[in-house]
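Numbering (our numbering), first residue to last: 154 to 363.
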């Protein structure tokens, strides 16, 4: 696997530029799985070409969206029976409960966090459980866009040092995933509660905003 990543970094990306990263992101988000490859490529590409870092961020985001859209379509067509065959009844039931409890956050949070956070089961489940495609796509663009923008800025600013930071962060996250996830979910919920509280505060009795 390391040899494949090196080949992508030294041959594919220099040859195809941002489009090469789009291709890698598409396959990693759909039919293949190379953990963290997109983060690594965004960092290294942004470090090598800082003025065009935004192009690599955009390519990774759109490639991931395209790959996830393919899985969403497969989930939509295959239905729950397909999901159960792939992941088992227990995981599917837990995923359904997560969607019922957290709605679209069940997809947004895994999209922003690195492995070992599961992700593809939530993408497939979005299609199976009837999440509208526009809502699905908008969520992924925002979540993946934030993730890759962060690492693109780190790569463009700190160069190869950002890659060492990425590796340390991933190792730290893997060791503290449960605690970090709880804190992250709590912060998101606080933001959502504040938003809706403010929205309700500035609303007229007839339902219109002041």
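Note that the Cβ used here is the ideal one computed from N, Cα and C, for glycine as well.
Cβ pair residue i, residue j closer than 8 Å
i	j	result
residue 183	residue 223	yes
residue 209	residue 171	yes
residue 311	residue 195	no
residue 231	residue 175	no
residue 236	residue 281	yes
residue 181	residue 220	yes
residue 290	residue 218	yes
Spatially closest choice to residue i from the options, by CA coordinates
i	options	result
residue 275	246, 187, 193	246
residue 319	178, 168, 167, 200	200
residue 198	187, 280, 173, 186	173
residue 186	250, 271, 299, 317	271
residue 205	167, 269, 160, 219	167
residue 159	179, 181, 193	193
residue 214	202, 234, 191, 233	191
residue 364	315, 257, 219	Here the chain has residues from 154 to 363 only, and residue 364 is not among them.
residue 253	284, 314, 288, 162	284
residue 202	322, 286, 313	313
residue 322	164, 189, 162, 163	189
residue 239	255, 273, 287, 207	273
Any chain B beta carbon closer than 8 Å to residue i
i	result
residue 242	This model lacks chain B altogether; it includes just one protein chain.
Nearest-angstrom Cβ-Cβ length linking residue i and residue j, presumed shorter than 8 Å
i	j	result
residue 265	residue 299	6 Å
Do three or more CB pairs link the stretch 285-299 to the stretch 257-271 at distances below 8 Å?
-> yes
Inspect the CB distances between the stretch 224-240 and the stretch 298-307 and report whether three or more fall short of 8 Å.
-> no
Quick one: complete alpha helix (DSSP H) runs, 4+ long, within the stretch 156-219?
-> 166-169, 171-182, 190-201
Unbroken stretches of the alpha helix (DSSP H), 4 residues or longer, contained in the stretch 257-335 | 258-265, 273-281, 286-311, 314-328
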